[in-house]
Amino acid sequence: MVSADVARNIVGIIGNVISFGLFLSPVPTFWRICKAKNVEEFKPDPYLATLMNCLLWFFYGLPIVHPNSTLVLTINGIGLVIEGAYIIIFIIYAAKNTRGKVIRTKSVEYMPFFLSLVNFLNGLCWTGYALIKFDIYITIPNALGTIFGLIQLILYGYYYRSTPKKGKNVELPTVLTKNAVTSGNVSVTIEK
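Take any residue in the sequence shown, note its place counting from 1, add 33, and you have its number in my numbering.
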């Protein structure tokens, strides 16, 4: 039989791998932002929340606060760096007149699915980690994170169908007739 310490270390390492995946899951979003040099309608809220989350867990994992929390300390230190980079990218590419503007929409276009999925899996894994030796301080926030991650996935599934799909823009040729000019979707009638 495996001891509780070994089981906790194994689950903690798995949690660190999933957490690292969580921190890297927005890379396609930030690649898009950097290419467009614009944050479009993406909101910085999840990245600010994750930055604060990492900061608090980093302090919790310090040896003077909670000894033997190397796994908690290391992954959250890495998370601080990654999330800090995301926030800097947001600050650089946010249009001055839209910084701080929250656009409310029922579209999942700007709600990355993989961020929601990995958020759920991360909370689930760390809840399991905390339950092995029942650490209430890790169990409560991660159980809540699991619930909120599940809610995000449900909302994603609910709003996915109502999100407009981006189609290909087709340029139609200009056609001249006796009394009308037609270009694409626009028709102009010429009167004499």
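Note that the Cβ used here is the ideal one computed from N, Cα and C, for glycine as well.
Close Cβ partners of residue i (< 7 Å) along its chain, the five nearest in sequence each way excluded
| i | result |
| --- | --- |
| Leu-55 | Val-151, Asn-152 and Asn-155 |
| Ala-40 | Ile-165 |
| Gly-117 | Leu-84 |
| Trp-90 | Val-105 and Asn-109 |
| Gly-45 | Leu-104 and Tyr-162 |
Residues of its chain near residue i, where Cβ-Cβ distance is below 6 Å and the 5 sequence neighbours each way are ignored
| i | result |
| --- | --- |
| Ile-171 | Ala-163 |
| Ser-52 | Ile-108 and Asn-155 |
| Gln-185 | Ser-149 |
Beta-carbon proximity of residue i to residue j, cut-off 9 Å
| i | j | result |
| --- | --- | --- |
| Tyr-126 | Lys-70 | yes |
| Ile-122 | Ile-66 | yes |
| Leu-81 | Ile-120 | yes |
| Trp-159 | Gly-182 | no |
| Ser-58 | Pro-145 | yes |
| Pro-61 | Phe-167 | no |
Rounded C-alpha distance that separates residue i from residue j
| i | j | result |
| --- | --- | --- |
| Asn-86 | Val-35 | 31 Å |
| Asp-78 | Tyr-191 | 21 Å |
| Val-98 | Leu-88 | 14 Å |
| Pro-100 | Ile-180 | 28 Å |
Other residues of its chain near residue i: CB distance less than 8 Å, five sequence neighbours each side excluded
| i | result |
| --- | --- |
| Leu-113 | Leu-84, Cys-87, Leu-88 and Phe-91 |
Quiz item: Per the contact definition of three or more C-beta pairs closer than 8 Å, is the segment 82-96 in contact with the segment 105-114?
Solution: Yes, they touch.
Quiz item: For the segment 52-95, which segments carrying the alpha helix (DSSP H) assignment without a break, of at least 4 residues, lie completely within its bounds, in sequence order?
Solution: DSSP assignment within the segment 52-95 yields the following whole alpha helix (DSSP H) runs of 4 residues or more, N-terminal first: 60-69 and 78-94.
Self-check item: alpha helix (DSSP H) runs wholly inside the segment 93-129, at least 4 long, in chain order
Solution: Taking only runs of at least 4 residues, the alpha helix (DSSP H) segments lying wholly in the segment 93-129 are 103-126.
Quiz prompt | alpha helix (DSSP H) runs wholly inside the segment 139-193, at least 4 long, in chain order | solution = Listed in chain order, they are 146-165 and 169-193.
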